[in-house]
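Participant: Residue numbers (our numbering), protein chains in the order written: chain A, 714 to 1140; chain B, 136 to 481. Glycine is no exception: its CB is placed at the ideal position from the N, C-alpha and C atoms.
#1: Ignoring anything shorter than 3 residues, give me the beta strand (DSSP E) runs that lie fully in the stretch 243–291 of chain B, in order along the chain.
#2: Buried or exposed: residue 280 (chain B), going by 16 or more other Cβ atoms within 10 Å of its Cβ?
#3: Let me know the beta strand (DSSP E) ranges lying completely inside the stretch 365–428 of chain B, each 3 residues or longer, listed in chain order.
#4: If you draw a straight line from the C-alpha of residue 935 (chain A) to the C-alpha of residue 878 (chain A), how long is it?
#5: Taking 8 Å as the cut-off, does the stretch 1090–1108 of chain A touch the stretch 1070–1079 of chain A (at least 3 CB pairs, one atom from each stretch)?
#6: When DSSP labels each residue in this structure, what does residue 922 (chain A) get in the three-state scheme?
#7: Classify residue 1120 (chain A) as buried or exposed, calling it buried when 16 or more other Cβ atoms lie within 10 Å of its own Cβ.
#8: Leaving out five residues before and five after residue 978 (chain A) in sequence, what residues of the same chain have Cβ atoms less than 6 Å from its Cβ?
#9: Is the CB of residue 917 (chain A) under 8 Å away from at least one CB in chain B?
#10: Alpha carbon to alpha carbon, how far is residue 216 (chain B) from residue 288 (chain B)?
#11: Would you identify the three-state DSSP class for residue 218 (chain B), choosing helix, strand or coil?
#12: Can you tell me where the beta strand (DSSP E) with residue 1101 (chain A) in it begins and where it stops?
#13: Where are the alpha helix (DSSP H) runs, 4 residues long or more, that stay fully inside the stretch 1020–1082 of chain A, in chain order?
#14: With a floor of 4 residues, list each alpha helix (DSSP H) that falls wholly inside the stretch 789–833 of chain A, ordered by position along the chain.
#15: Compute the Euclidean distance between the alpha carbons of residue 1107 (chain A) and residue 227 (chain B), then round it to the nearest angstrom.
#16: Anything in the stretch 894–910 of chain A with a Cβ closer than 7 Å to a Cβ of chain B? List those residues in chain order, please.
#17: Please classify residue 773 (chain A) as buried or exposed, where buried requires at least 16 neighbouring CB atoms within 10 angstroms.
#18: Is residue 1084 (chain A) buried or exposed, if buried means 16 or more other CB atoms sit within 10 Å of its CB?
#19: With 8 Å set as the bound, which would you pick, yes or no: does the beta-carbon of residue 359 (chain B) sit closer than that to a beta-carbon of chain A?
#20: When you compare the CB of residue 490 (chain B) with every CB in chain A, is at least one pair closer than 8 Å?
#21: From which residue to which residue does the beta strand (DSSP E) around residue 234 (chain B) run?
#22: Starting from residue 881 (chain A), find everything on chain B with Cβ-Cβ shorter than 8 Å and list it in chain order.
#23: From the DSSP output, read off the bridge partner residues of residue 1018 (chain A).
#24: Where residue 827 (chain A) and residue 781 (chain A) are concerned, what is the direct C-alpha to C-alpha distance, given to the nearest angstrom?
#25: So within the stretch 925–996 of chain A, which uninterrupted beta strand (DSSP E) runs reach at least 3 residues, ignoring any that extend past its ends?
#26: So, at 6 Å on beta carbons, what are the nonlocal neighbours of residue 269 (chain B) in its own chain, with the 5 sequence-adjacent residues on each side left out?
#27: Along chain A, in chain order, which residues have C-beta atoms closer than 8 Å to that of residue 293 (chain B)?
#28: What three-state label does DSSP hand residue 899 (chain A) in the structure shown?
#29: Please tell me whether residue 368 (chain B) has its Cβ less than 8 Å away from any Cβ of chain A.
#30: Based on DSSP bridge pairs, tell me the residues matched to residue 769 (chain A).
#31: What is the C-beta distance between residue 357 (chain B) and residue 909 (chain A), in whole angstroms, given that I count them as a contact (C-beta under 8 Å)?
#32: Three or more C-beta pairs closer than 8 Å, one from the stretch 1017–1033 of chain A and one from the stretch 785–804 of chain A: is that the case here?
#33: I need the DSSP call for residue 733 (chain A), collapsed to helix, strand or coil.
#34: So with Cβ pairs under 8 Å, would you call residue 1035 (chain A) a contact of chain B?
#35: Listing by chain order, which chain A residues have their CB less than 7 Å from the CB of residue 252 (chain B)?
#36: Output the distance between the C-alpha atoms of residue 420 (chain B) and residue 311 (chain B), rounded to the nearest integer angstrom.
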């Protein structure tokens, strides 16, 4: 690996409270100096980053790469390439692949493929219950050993509270964080839209707030007075934020994230039955969207993730309720986050933290910041560059996005993984 | 009259939802939902239907759509609705093809598109579509070849616009064209009813004085008030002084889980009995989109009584469907109007 000098960049690192115009030095895959030239440093490669930002490589808490099992939608190679183009250097895969990540062999398969692709540090969540069926605990200790950074039952709710409680206790025994995507099986059955005026008008099966808030409240009661770590992902309701906030003030070790699209879209967007807006949890009201933005700004919601769900073309070509939910969103995570800064909804520092150090802490990984000695995962951004997102130029195999045609300001021009350039913007 | 909640339709509608129904001249191109159509279009449908009502009574057949091919594309079983569409098409001299496609064979979207492509290749001019998914008619209209017209014969819980228009036609024939002085109560399973949604849009577009919906909380969709209705959970209050009472069919096959304890209790609380119907205005009419569940939503003596216009609805259904077919398939509609009016005068 060559020694690299990145000159004249504005280095932004929320975790180390760093935000200044300076030079950054990389020796042998690692950051060797920020502002201070290491002894005997000789640059073999110089990147002029004048007027650009350097931020830590982005950490995405939830990205489905569809491999193994759903390769018609996408695969690890295509999706990590797309991730690199969007400044993401670390990402975490939920366990609902096919086969489910409930055995070390599946973890090994994914990690091997990711290593071959060389585009991203890929981590997995293991299944909380065998086959995600909610009946029998998975071999969590073994999954952790194989490399899983947490356990989750993905969108498959565990309806038996006794099994749920024991799963928490067992995970905690092995010091494993439990990741929850709260969605009650019965309250959300066949649902595809937020319960409100729009779903009523369009005659779509509705998903009430309680489908999310009731399981969150139940889980918070189950883990009361314990030191079990629980992360609530993909929140959609204002009320969920209140619940999380109360739990945090009561000392519970809970964290939360929201997907970037929930901070920009509402149920108004489904008015014309456009299946690109079909997501789970459903797009909710304007009031919820504002509350989610506020939750990120004040820190109740720790992180913003992509909730990347690439699909094949046919998955979205059907009447709205018959289409598959989800957005191919790995390439819009940073642009949508920066748009919140542009709109004045988030301070820059909070926005960057929510996609770098905060998700890294949730995953228990020492990445997402730029201290000397850290592996050089970073992302160079031209903050003034204006561009239009388009399905024509998307790298993800899934072209399912409602954001095609959106204008953004600020674009990734280079991404480095372990000091190696894995993406360069071509003009 | 109770103050109606402010209608929010304008800011709620996605442009492509309703623009797709109109051509660049503002004429009806597809008929997918009442929502987004102006009073002028609805009145045009009613006026055209009025002229065809005469055709049905005397001449039976006009050559307006000779040489056109209409496909009844039914993904959900229906005999009555399909028959009236078929009769309407035949009375306009169109060729009709009936396709009943079981849902299981088309649970995948690509198959639905494939089905469309195959039929398009047979040079058809119009699809009359019924499908179990809300939004299916819009989906099809968005994907057919530009010359093909789409008529929604019911999509999921979303819309059943021809049924709503035949109901408006029935009301206009019985109560006159001034909907502003009318109080209309729609009673029953609003949640699952595409008919109710289309009726609400149609009644409000025609400036009906007051539109009420009546039913238990489990059968009233959330925030339905935003569509311009007042909600009642008690049938006595709900139909008091109504000019028109529309009873909805209790669709047993759609009931999932604990919406109602029993048909008996439903009838006790919401069934339209003689005694209850007397709370409406003395000259009130009762309507029902059919088929009726006697003793579940309505007492036989009311359904068959002299204030019941249920069978008229069926008759008018053909005229209204003829009107929409001739308007959307365009051609010599104006000549058609005058000729049919002449025929009526004979």
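Facilitator: In short:
#1: 261–266 and 284–290
#2: Against the second chain, residue 280 (chain B) aligns to sequence position 145. Residue 280 (chain B) should be labelled exposed.
#3: 365–367, 379–382 and 420–422
#4: Walking along the first chain from the start, residue 935 (chain A) turns up at place 222. Walking along the first chain from the start, residue 878 (chain A) turns up at place 165. Taking the straight line from one Cα to the other gives about 6 Å.
#5: no
#6: Your numbering for residue 922 (chain A) matches position 209 in the first chain. In the structure shown, residue 922 (chain A) sits in coil (DSSP, three-state: anything other than H, G, I, E or B).
#7: Numbered from 1 along the first chain, position 407 holds the residue referred to as residue 1120 (chain A). Exposed.
#8: For the purposes of this step, residue 978 (chain A) is identified with residue 265 of the first chain, where counting begins at 1. Closer than 6 Å at the Cβ level, and outside the excluded window around residue 978 (chain A), lie 996.
#9: Here residue 917 (chain A) refers to the residue found at position 204 when the first chain is read from its first residue. Cβ-Cβ to chain B under 8 Å: yes for residue 917 (chain A).
#10: In the second chain, residue 216 (chain B) corresponds to position 81, counting from 1. In the second chain, residue 288 (chain B) corresponds to position 153, counting from 1. Rounded to whole angstroms, residue 216 (chain B) to residue 288 (chain B) spans 8 Å at the Cα level.
#11: The sequence position of residue 218 (chain B) within the second chain is 83, counting from 1. Three-state DSSP puts residue 218 (chain B) in a helix.
#12: Translated into the one-based positions of the first chain, residue 1101 (chain A) becomes position 388. Here the beta strand (DSSP E) through residue 1101 (chain A) covers 1091–1101.
#13: 1046–1055, 1061–1068 and 1070–1076
#14: 789–798 and 817–830
#15: Sequence index remark: in the first chain, residue 1107 (chain A) carries index 394 (1-based). Sequence index remark: in the second chain, residue 227 (chain B) carries index 92 (1-based). Looking at the two C-alpha atoms, the distance is approximately 50 Å.
#16: 908, 909 and 910
#17: If you number the first chain from 1, residue 773 (chain A) lands on position 60. Flag for residue 773 (chain A) reads buried.
#18: One-based indexing of the first chain puts residue 1084 (chain A) at position 371. Exposed is the call here.
#19: As a working note, residue 359 (chain B) is residue 224 in the second chain. Interface residue, yes.
#20: The shown model of chain B, from 136 to 481, leaves out residue 490 (chain B), and the question about it has no answer.
#21: Stepping through the second chain from its first residue, residue 234 (chain B) is reached at position 99. Segment 230–235, the beta strand (DSSP E) holding residue 234 (chain B).
#22: Taking the first residue of the first chain as 1, we reach residue 881 (chain A) at position 168. Ordered by position in chain B, no residue passes the 8 Å Cβ test against residue 881 (chain A), which lies about 29 Å from the chain.
#23: The residue given as residue 1018 (chain A) occupies position 305 in the first chain. In the DSSP output, where bridge partners are listed per residue, residue 1018 (chain A) has A:972.
#24: Counted from its first residue, the first chain places residue 827 (chain A) at position 114. Counted from its first residue, the first chain places residue 781 (chain A) at position 68. So the two alpha carbons sit approximately 12 Å from each other.
#25: 943–945 and 967–972
#26: Your numbering for residue 269 (chain B) matches position 134 in the second chain. The residues are 290, 291, 292 and 293.
#27: One-based indexing of the second chain puts residue 293 (chain B) at position 158. Per Cβ cutoff of 8 Å: 915, 916 and 917.
#28: Taking the first chain and counting its residues from 1, one reaches residue 899 (chain A) at position 186. In the structure shown, residue 899 (chain A) sits in coil (DSSP, three-state: anything other than H, G, I, E or B).
#29: Sequence index remark: in the second chain, residue 368 (chain B) carries index 233 (1-based). No, residue 368 (chain B) lies away from the interface with chain A (no Cβ there is under 8 Å from its Cβ).
#30: Translated into the one-based positions of the first chain, residue 769 (chain A) becomes position 56. Bridge partners of residue 769 (chain A): A:1091.
#31: Along the second chain, one-based indexing puts residue 357 (chain B) at 222. Along the first chain, one-based indexing puts residue 909 (chain A) at 196. Contact flag correct, Cβ pair sits at about 6 Å.
#32: yes
#33: Indexing the first chain from 1 puts residue 733 (chain A) at position 20. DSSP places residue 733 (chain A) in strand when its eight states are reduced to three.
#34: Residue numbering aside, residue 1035 (chain A) sits at position 322 when the first chain is read from its first letter. Yes, contact with chain B.
#35: Here residue 252 (chain B) refers to the residue found at position 117 when the second chain is read from its first residue. Neighbours of residue 252 (chain B) on chain A: none; closest Cβ ~12 Å, over 7 Å.
#36: One-based indexing of the second chain puts residue 420 (chain B) at position 285. One-based indexing of the second chain puts residue 311 (chain B) at position 176. For residue 420 (chain B) and residue 311 (chain B), the distance between alpha carbons rounds to 13 Å.
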